[in-house]
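Number of protein chains: 2
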Amino acid sequence: MRETDFVSGFAKGLKVIEAFGETRQRLTIAEASKLTGLDRATVRRSLLTLSELGYAVYDGKFFTLTPKVLRLGHAYLAATPLPIIIQPHLDQLSERASQNASASVLDGTEVVYIARASQRRVMSINLTPGSRLPAFCASMGRVLLAALPESEARSVLARTDLRANTPNTKTDPEDLMAEFRRVRAQGYAVIDQELEIGLCSIAVPVENDRGQTVAAINIGAPAAYVAAADMVERFLPLLKETQKALRLVLP
Amino acid sequence: MRETDFVSGFAKGLKVIEAFGETRQRLTIAEASKLTGLDRATVRRSLLTLSELGYAVYDGKFFTLTPKVLRLGHAYLAATPLPIIIQPHLDQLSERASQNASASVLDGTEVVYIARASQRRVMSINLTPGSRLPAFCASMGRVLLAALPESEARSVLARTDLRANTPNTKTDPEDLMAEFRRVRAQGYAVIDQELEIGLCSIAVPVENDRGQTVAAINIGAPAAYVAAADMVERFLPLLKETQKALRLVLP
DNA sequence: CATTTTTGTGCGATATATGAACAAATGTCA
DNA sequence: TGACATTTGTTCATATATCGCACAAAAATG
Numbered sequence: 001m002r003e004t005d006f007v008s009g010f011a012k013g014l015k016v017i018e019a020f021g022e023t024r025q026r027l028t029i030a031e032a033s034k035l036t037g038l039d040r041a042t043v044r045r046s047l048l049t050l051s052e053l054g055y056a057v058y059d060g061k062f063f064t065l066t067p068k069v070l071r072l073g074h075a076y077l078a079a080t081p082l083p084i085i086i087q088p089h090l091d092q093l094s095e096r097a098s099q100n101a102s103a104s105v106l107d108g109t110e111v112v113y114i115a116r117a118s119q120r121r122v123m124s125i126n127l128t129p130g131s132r133l134p135a136f137c138a139s140m141g142r143v144l145l146a147a148l149p150e151s152e153a154r155s156v157l158a159r160t161d162l163r164a165n166t167p168n169t170k171t172d173p174e175d176l177m178a179e180f181r182r183v184r185a186q187g188y189a190v191i192d193q194e195l196e197i198g199l200c201s202i203a204v205p206v207e208n209d210r211g212q213t214v215a216a217i218n219i220g221a222p223a224a225y226v227a228a229a230d231m232v233e234r235f236l237p238l239l240k241e242t243q244k245a246l247r248l249v250l251p
Numbered sequence: 001m002r003e004t005d006f007v008s009g010f011a012k013g014l015k016v017i018e019a020f021g022e023t024r025q026r027l028t029i030a031e032a033s034k035l036t037g038l039d040r041a042t043v044r045r046s047l048l049t050l051s052e053l054g055y056a057v058y059d060g061k062f063f064t065l066t067p068k069v070l071r072l073g074h075a076y077l078a079a080t081p082l083p084i085i086i087q088p089h090l091d092q093l094s095e096r097a098s099q100n101a102s103a104s105v106l107d108g109t110e111v112v113y114i115a116r117a118s119q120r121r122v123m124s125i126n127l128t129p130g131s132r133l134p135a136f137c138a139s140m141g142r143v144l145l146a147a148l149p150e151s152e153a154r155s156v157l158a159r160t161d162l163r164a165n166t167p168n169t170k171t172d173p174e175d176l177m178a179e180f181r182r183v184r185a186q187g188y189a190v191i192d193q194e195l196e197i198g199l200c201s202i203a204v205p206v207e208n209d210r211g212q213t214v215a216a217i218n219i220g221a222p223a224a225y226v227a228a229a230d231m232v233e234r235f236l237p238l239l240k241e242t243q244k245a246l247r248l249v250l251p
């Protein structure tokens, strides 16, 4: 791409929007400037543009995003057939397992939820489409990373902040690479309270008819209710069924 | 605002992102140009910028959004304390009612879901944070429109495409204005299959301690399971309780 | 009230938008 | 099939808009 094919004003504006996600709520011009590293004058113009378009409001001091920005993110969910195709299968899966079921894709070092069917509340965090979790310690993340070439998976780990969320969290890159190989061989990943104490989950890849992994689906259950050792027996057959059904309908 | 405080390149780029939501999946440069009304050369630059930043991918013919754009929308949910405060109350409400509960705010002529707690699948459409419905025929929409000054509510209706979703849908502006007055007086709105056949819902406003309406919450139930006439008796007390709890914690 | 921080604005250098032009790809019809 | 018409992606010159700096004004801070 030539340099003149890049609209830097657009890129800077997007950076400003993302700055709101990193903190909370309201930002002043100076705060947004610090967070983005952009010049104050530039940030100011971007924020005023957002206000003019209705994506933000300005009270003379603070800028606040409006619900209109949800349209930007939602453009992906609405434009991508994947969540739409997966959702009914996920609903059925969740119903039959009497547990929460989710679908996600990989974005950099994180898994991004694209669909979810809940039966019960079990996690402390509330997950909705768009929510992100570190891939290395999530069941779907393991499955998605296992589907990458080893060198790429290693590169993702290198870029990841491998911090332990619980005493169970595996953080050694070599352990994780070995785990990916195991996951690839057995076709599923089980997480035993590595992300959150009291939460177990099992995930399988979602593949299209060419065998490419395009997403992952999982079932999460309270550890008090289903021991990690029982996850495979109880949920793998259901997951495999959903996986098989999806392989037939995905392009 | 002065004219030079507006970054048109940014505004055009945002328009391009939204163009993906209107159709599906993949867009060529020419398609995006038609949808946005922008010059092909300009759209091309915006799309190449999105690709360069990882918000889109380009295969030489089609541009596709990546999950990274979800960060933009999610910035609102993460930056706004409202969904975070409401969610646990919504979970409790949904649990006690054994029905789906949702929270939304008004954006123009539409209600935008900001949080949701599901117990069962009842609607044909899948609603997630960011989903939109026409305000005039949704229970939360009625509540939110009733909270506006009459002139504003009338203006929203004037800008709304008042199409009937079911034979039950009220579409006459004067009927609707009368309904808003009724809703305002009684403090809740009931929808009897106006949005979708087989679906009833009841909503109340979420007010802060100054009495300003900042959102709405609702409970939806299958008409086959709960008659519209019984919605008030069965769910209003629960909604009122949640409303009261939220009034105390909202700024 | 002095000091620090933040915000708003003018300006020159630089980057972008525009619409026309053109080649390549695609579609249409005899 | 082959000739013609359309559509599409891309490039270019140039008029126009934006960028980031520097400075002034205004708030906030102590």
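Each protein sequence line maps, in turn, to chains A and B.
Here the first sequence stands for residues 1 to 251, numbered as in my numbering.
Here the second sequence stands for residues 1 to 251, numbered as in my numbering.
Idealized CB from N, CA, C, for every residue including glycine.
Note that the structure is a prediction, hence the values are computed from the model and not measured.
Practice task
Quick one: which residues of the segment 128–162 of chain B get their C-beta closer than 9 Å to a C-beta of chain A? List them in chain order.
Solution key: Thr128, Pro129, Gly130, Ser131, Arg132
Problem - Short-range partners of chain A found in the segment 62–86 of chain B, where Cβ spacing is below 9 Å - result: Thr64, Leu65, Thr66, Pro67, Lys68, Val69, Leu70, Arg71, Leu72, Gly73, His74, Ala75, Tyr76, Leu77, Ala78, Ala79, Thr80, Pro81, Pro83, Ile84
Handout entry: Inter-residue CB distance, Val112 (chain A) and Pro83 (chain B) (contact presumed, cutoff 8 Å)
Key = For the purposes of this step, residue 112 (chain A) is identified with residue 112 of the first sequence, where counting begins at 1. For the purposes of this step, residue 83 (chain B) is identified with residue 83 of the second sequence, where counting begins at 1. 18 Å between Cβ atoms; not a contact.
Handout entry: Residue(s) in a DSSP beta bridge with Pro134 (chain B)
Key = Residue 134 (chain B) sits at position 134 when you count from the first residue of the second sequence. Bridge partners of Pro134 (chain B): B:Glu110.
Exercise for the section: Quick one: measure Cβ to Cβ for Ala79 (chain B) and Gln25 (chain A), integer angstroms, because I've assumed they're closer than 8 Å. Expected result: One-based indexing of the second sequence puts residue 79 (chain B) at position 79. One-based indexing of the first sequence puts residue 25 (chain A) at position 25. With a Cβ gap of about 5 Å, Ala79 (chain B) and Gln25 (chain A) count as contacting.
Exercise for the section: Following the continuous alpha helix (DSSP H) through Gly9 (chain A), name the residue where it begins and the one where it ends. Expected result: Counting from one through the first sequence, the residue named residue 9 (chain A) turns up at place 9. Segment 8–22, the alpha helix (DSSP H) holding Gly9 (chain A).
Handout entry: Nearest residue (CA-CA) to Leu145 (chain A), options A:Lys240, A:Thr49, A:Arg182
Key = Residue mapping note: residue 145 (chain A) aligns to position 145 of the first sequence, counting from 1. The residue with the shortest Cα to Cα distance from Leu145 (chain A) is A:Arg182.
Practice task
Quick one: grab the DSSP three-state call for Glu207 (chain B).
Solution key: Mapped onto the second sequence, residue 207 (chain B) falls at position 207. Here Glu207 (chain B) sits in strand by DSSP.
Problem - Sequence-distant residues of its chain with Cβ nearer than 8 Å to Gln193 (chain A) (five each side left out) - result: Position 193 of the first sequence, counted from the start, is the residue given in the question as residue 193 (chain A). Only Thr166, Asn168, Leu199, Cys200, Ala223, Ala228 meet the Cβ criterion.
Practice task
Determine the contact status of Leu72 (chain B) and Gly73 (chain A), defining contact as a CB-CB distance below 8 Å.
Solution key: As a position in the second sequence, residue 72 (chain B) is number 72, starting the count at 1. As a position in the first sequence, residue 73 (chain A) is number 73, starting the count at 1. For Leu72 (chain B) and Gly73 (chain A), yes; Cβs fall inside 8 Å.
Problem - the segment 207–223 of chain A / the segment 135–151 of chain A touching (three or more Cβ pairs under 8 Å) - result: yes
Practice task
Determine whether the Cβ of Ser46 (chain B) lies closer than 8 Å to any Cβ atom of chain A.
Solution key: Walking along the second sequence from the start, residue 46 (chain B) turns up at place 46. Ser46 (chain B) counts as touching chain A.
Exercise for the section: Output, in sequence order along the chain, the residues in the segment 1–15 of chain A whose CB is closer than 7 Å to any CB in chain B. Expected result: Met1, Asp5, Phe6, Val7, Gly9, Phe10, Ala11, Gly13, Leu14
Problem - Leu236 (chain A) (DSSP reduced to helix, strand or coil) - result: Residue 236 (chain A) sits at position 236 when you count from the first residue of the first sequence. DSSP places Leu236 (chain A) in helix when its eight states are reduced to three.
Problem - Distance between Leu239 (chain A) and Ser94 (chain A) (C-alpha atoms, nearest Å) - result: One-based indexing of the first sequence puts residue 94 (chain A) at position 94. One-based indexing of the first sequence puts residue 239 (chain A) at position 239. Roughly 10 Å separates the two Cα atoms.
Practice task
For Ser98 (chain A), name the three-state secondary structure that DSSP assigns.
Solution key: Position 98 of the first sequence, counted from the first residue, corresponds to residue 98 (chain A). Reduced to three states, the DSSP call for Ser98 (chain A) is coil.
Handout entry: Identified DSSP bridge partners for Arg26 (chain B)
Key = On the second sequence, residue 26 (chain B) is found 26 positions in, with the first residue counted as 1. Its beta-bridge partners are B:Thr64.
Problem - Reduced DSSP secondary structure (H/G/I, E/B, other) of Ser33 (chain B) - result: To locate residue 33 (chain B), count along the second sequence from 1; it is residue 33. Note: Ser33 (chain B) maps to helix in three-state DSSP.
Practice task
Output the residue ranges of the beta strand (DSSP E) runs that lie fully inside the segment 163–232 of chain A and measure 3 residues or longer, sorted by chain position.
Solution key: 189–192, 199–207, 213–222
Problem - Backbone CA spacing between Leu250 (chain B) and Asn208 (chain B) [nearest angstrom] - result: As a position in the second sequence, residue 250 (chain B) is number 250, starting the count at 1. As a position in the second sequence, residue 208 (chain B) is number 208, starting the count at 1. Spanning the two alpha carbons is a distance of roughly 5 Å.
Handout entry: Identity of the residues DSSP links to Arg116 (chain B) by a beta bridge
Key = One-based indexing of the second sequence puts residue 116 (chain B) at position 116. Per DSSP, B:Ser102.
Exercise for the section: Could you have a look at Ala147 (chain A) and say whether DSSP puts it in helix, strand or coil? Expected result: As a working note, residue 147 (chain A) is residue 147 in the first sequence. Three-state DSSP puts Ala147 (chain A) in coil, outside helix and strand.
Exercise for the section: Name, please, each residue of chain B whose Cβ falls closer than 7 Å to the Cβ of Gln243 (chain A). Expected result: Looking up residue 243 (chain A) in the first sequence gives position 243. Correct list: empty, because the minimum Cβ distance to chain B is about 20 Å.
Problem - Cβ-based contacts, 9 Å cut-off: residues of the segment 18–44 of chain A near chain B - result: Glu18, Ala19, Phe20, Gly21, Glu22, Thr23, Arg24, Gln25, Arg26, Leu27, Thr42, Arg44
Problem - Burial state of Ala164 (chain A) (16 or more Cβ within 10 Å) - result: For the purposes of this step, residue 164 (chain A) is taken as residue 164 along the first sequence, with counting starting at 1. Classification of Ala164 (chain A): exposed, given that the 10 Å Cβ count is below 16.
Practice task
Determine the extent of the beta strand (DSSP E) in which Tyr261 (chain A) is found, giving its start and end residues.
Solution key: Here chain A comprises residues numbered 1 to 251, so residue 261 (chain A) is not present and cannot be evaluated.
Handout entry: Contact check, Val204 (chain B) vs Tyr76 (chain A), beta carbons under 8 Å
Key = For the purposes of this step, residue 204 (chain B) is taken as residue 204 along the second sequence, with counting starting at 1. For the purposes of this step, residue 76 (chain A) is taken as residue 76 along the first sequence, with counting starting at 1. It is not a contact, given that the beta carbons lie outside the stated cut-off.
Practice task
Could you check the C-alpha separation between Gly9 (chain A) and Glu233 (chain B) for me, to the nearest Å?
Solution key: As a position in the first sequence, residue 9 (chain A) is number 9, starting the count at 1. As a position in the second sequence, residue 233 (chain B) is number 233, starting the count at 1. Approximately 55 Å between the Cα atoms of the pair.
Handout entry: Within 8 Å of chain B by C-beta, residues of the segment 163–184 of chain A in sequence order
Key = none
Practice task
Could you confirm whether any beta carbon from chain A is found closer than 8 Å to the beta carbon of Val190 (chain B)?
Solution key: Here residue 190 (chain B) is taken as the residue at index 190 of the second sequence, counted from 1. No, its Cβ sits nowhere closer than 8 Å to a Cβ of chain A.
Exercise for the section: Report the option in B:Ala32, B:Val143, B:Asp39, B:Arg210 whose CA atom is closest to the CA atom of Ala189 (chain B). Expected result: To locate residue 189 (chain B), count along the second sequence from 1; it is residue 189. For the residues B:Ala32, B:Val143, B:Asp39, B:Arg210, the minimum Cα distance to Ala189 (chain B) belongs to B:Val143.
Practice task
Provide the residue span of the beta strand (DSSP E) that contains Tyr58 (chain B), from first to last.
Solution key: For this step, residue 58 (chain B) is matched to residue 58 along the second sequence. 56–58 is the extent of the beta strand (DSSP E) around Tyr58 (chain B).
Practice task
Assign Leu127 (chain A) to one of three DSSP states: helix, strand, or coil.
Solution key: Stepping through the first sequence from its first residue, residue 127 (chain A) is reached at position 127. Residue state, collapsed to three classes: coil.
Handout entry: Assigned exposure category for Tyr225 (chain A) - 16 Cβ within 10 Å defines buried
Key = Locating residue 225 (chain A) in the first sequence gives position 225, where the first residue counts as 1. It is exposed - the Cβ of Tyr225 (chain A) has fewer than 16 other Cβ atoms within 10 Å.
Practice task
Report yes if the C-beta of Glu110 (chain A) is less than 7 Å from at least one heavy atom of the ligand PLP; otherwise report no.
Solution key: Of the ligands one can find in the structure shown there are none, so the ligand PLP has no counterpart to examine.
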